[in-house]
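Each residue of the sequence shown is one higher than the last, beginning at 1 in this note's numbering. Below is one structure, written out as structure tokens, with a few remarks after it.
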Amino acid sequence: MQQMTLRGRILALVAGFVVMALVVMVMGLTTIADYNRMMSDYSRASENAYMGECLNYLISNVVMESRGIYHAKSRQEARIFAERLNENLDQMDTALRHWRMAGTAGADIDLDQVEGQTRAFILERRELARVGVEVSPQAAEQIGLNSRQGRIEFQRQIDSIVAKTRLREIGAAKQVKRYSHERVTGFFLVTLAWISVTTLLSLWLVSHFITREITRARIAEDSREKLLKELMESNTELERFAYVASHDMQEPVRMVNIYSQMVVSDYADKIDDKGRNYLNIVATSAARMHLMVQDLLRYSRLRSERSEELIVDLNVQVKHVRANLAQRLADTGASVASYDLPNVFGNPVQIQRLLENLISNGIKYQPPGQTPQITLTAEDKGERWQINVQDNGIGIEPEFAVQIFEPFRRLYTWDQYQGTGLGLTICRKIVERHGGTIWVESGPGEGSRFCFTLAKPSEKAAGGEASLAA
Ligand code: ADP
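The structure is reproduced here in structure tokens:
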């Protein structure tokens with residue numbers, strides 16, 4: 001089966017809620033309607049029972065001949081009669097006992113009885129019919145109310161009607177009670193079920209959504225970790241390969257280099273100019289290859305080198321570099337100025353190599369005849385020091401500012417400026433191993449400013465073991 005989308009599930013859930021809500025609403029409405037109907041049955045039954053009892057009472061008065069009967073043929077006639085009666089009541093005020101029985105003897109009018117005076121009742125046909133007594137227009141005669149026997153019979157009839165009506169009233173009351181009990185319980189249970197189902201569905205949806213997101217994140221994380229691991233493995237493999245290759249190439253390259261030079265010096269008089277020229281090319285290429293293999297080896301060794309980190313005084317490192325480059329400084333007349341360089345935290349050997357590469361590039365990449373001037377400064381960047389190596393050389397086109405840090409990326413031929421194209425790659429590797437960044441700010445003919453960041457000793461040295469490398 002095709003997997004339902006999240007949107008589809010939400011829609012299905014909403015539709016389910018709506019259907020359930022409609023069911024509950026319809027149930028509620030039918031319950032209310034049923035209940036109202038039963039209540040009106042019940043109140044009609046009790047009203048009838050009450051009216052029957054009143055009639056019974058009146059009839060018993062008639063039977064006992066304490067009152068006479070007036071049977072109005074219509075409601076209109078009954079009203080006129082009652083009005084007249086009321087007028088009499090006003091006049092005979094004190095002698096009266098006032099008795100009001102709404103609905104007993106007329107639908108709209110009240111019956112006022114005058115005890116012992118009027119001896120009259122108003123029994124409208126319709127009212128008798130309501131409690132089940134059929135009375136013809138000539139009611140009194142026909143139902144025999146004018147004879148004692150007839151009145152007794154009529155009362156019996158009324159008695160039985162009243163009894164039946166009472167039974168109906170009791171039945172209706174019971175029904176109402178049972179109904180309200182069952183229905184209210186049912187309604188309550190259905191509502192409870194609805195709320196439970198709704199809550200469960202919502203929880204399911206939410207948990208499903210969260211689980212899905214977590215699973216996705218985990219899968220992404222897993223594949224990222226896997227990718228990273230693969231990348232690291234392949235990097236390690238490559239570096240090992242570069243190391244082995246450069247290490248093993250060292251010896252044959254050195255041999256080619258030495259022997260080609262020996263041929264040039266020892267057999268110069270035995271070969272002609274052309275041969276000598278060829279041999280020179282072989283010797284130069286071998287020397288160049290020798291340098292490249294050495295740099296490659298230096299680069300590959302960075303990974304396996306023990307990363308002993310200490311507090312490093314940069315002023316001391318610059319002094320070492322000056323000593324190493326003494327010959328070149330003397331040959332070119334270059335100056336290397338450094339101003340109050342700070343201590344940093346890192347591997348002293350690697351940091352010295354970093355400085356040496358940058359300073360020696362500054363000396364090398366100069367226009368002909370210009371005296372190189374290299375200046376080293378430092379800037380406090382909060383957690384780190386930024387070290388700047390500024391030269392007055394040929395500068396670099398901004399578009400090559402990133403590329404020059406890639407392996408073997410050179411902007412000039414060997415004849416123009418000699419080099420292996422690995423110096424800045426080594427610099428970048430050293431800085432990154434120290435958690436910093438390296439970049440160049442330059443333009444053609446403007447000189448170059450190589451900047452890199454290194455950790456301050458304070459944050460790392462707090463860890464313990466650090467000592468000053470001088
Ligand atoms: P190389 O052995 O060629 O010097 P690097 O990796 O040190 O290799 O430098 C890469 C390239 O970056 C160089 O070939 C050169 O074109 C450019 N470069 C490096 N340093 C400077 C500098 N100080 N001024 C101008 N160009 C530079």
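A virtual CB, placed ideally from N, CA and C, is assigned to each residue, including glycine.
Out of Ile359, Ser304, Leu192, Phe452, the CA that lies nearest to the CA of Asn324 is found in Ile359. In its chain, beyond the 5 residues on either side, Ala337, Gln390 have a beta carbon closer than 7 Å to the beta carbon of Thr375. If you check the CB distance, Glu397 and Pro444 come in under 8 Å. Between the C-alpha atoms of Phe452 and Val431 there is a straight-line separation of about 7 Å. Taking 3 residues as the shortest admissible run, the region 263 to 311 contains no complete beta strand (DSSP E) segment at all. The beta carbons of Leu13 and Leu205 sit closer together than 8 Å. In this structure, the CA atom of Gln317 is about 13 Å from the CA atom of Ile387.
In the three-state reduction of the DSSP assignment, Ile387 falls in the strand class.
As the crow flies, the alpha-carbon of Arg449 is around 39 Å from that of Glu221. Look at Gly346 here: in three-state DSSP terms it is strand. Here DSSP, grouped into helix, strand and coil, assigns Phe400 to helix. Taken from the Cβ of Ser300, every heavy atom of ligand 1 lies 7 Å or farther away. Residue pairing by DSSP puts Val440 in a beta bridge opposite Phe450.
Closest by C-alpha distance to Met292, out of Ile426, Gln370, Glu213, Gly435, is Ile426. Burial state of Thr371 is exposed, judged by a 10 Å Cβ sphere holding fewer than 16 other Cβ atoms. Between Ser335 and Gln373, the beta carbon gap of about 5 Å places them in contact (Cβ cut-off 8 Å).
Around the beta carbon of Gly369, fewer than 16 other beta carbons sit within 10 angstroms, so the residue counts as exposed.
Separation of Gln261 and Pro252 (C-alpha to C-alpha, rounded to the nearest whole angstrom) is 14 Å. Remark: the C-beta of Thr284 is outside contact range of ligand 1, defined as less than 7 Å to any heavy atom. Of the residues Asn315, Ser46, Ser442, the one whose Cα lies closest to the Cα of Ala378 is Asn315.
The DSSP-derived three-state label of Glu379 is strand. Using a Cβ distance threshold of 8 Å, Trp194 and Val24 count as a contacting pair. Secondary structure of Ala455 (DSSP, three-state): strand. For Ala334, there is no enclosing alpha helix (DSSP H), as DSSP gives it neither H nor E. The Cβ neighbour count for Lys274, taken over all protein chains shown within 10 Å, is under 16; the residue is labelled exposed. Under DSSP, Asp34 takes part in no beta bridge, so it has no partner.
Cβ atoms of Leu355 and Val321 come within 8 Å of each other, at about 5 Å. Judged by their CB atoms, Ser285 and Tyr243 are not nearer to each other than the 8 Å cut-off.
DSSP places Asn324 in the uninterrupted alpha helix (DSSP H) bounded by 314 to 324.
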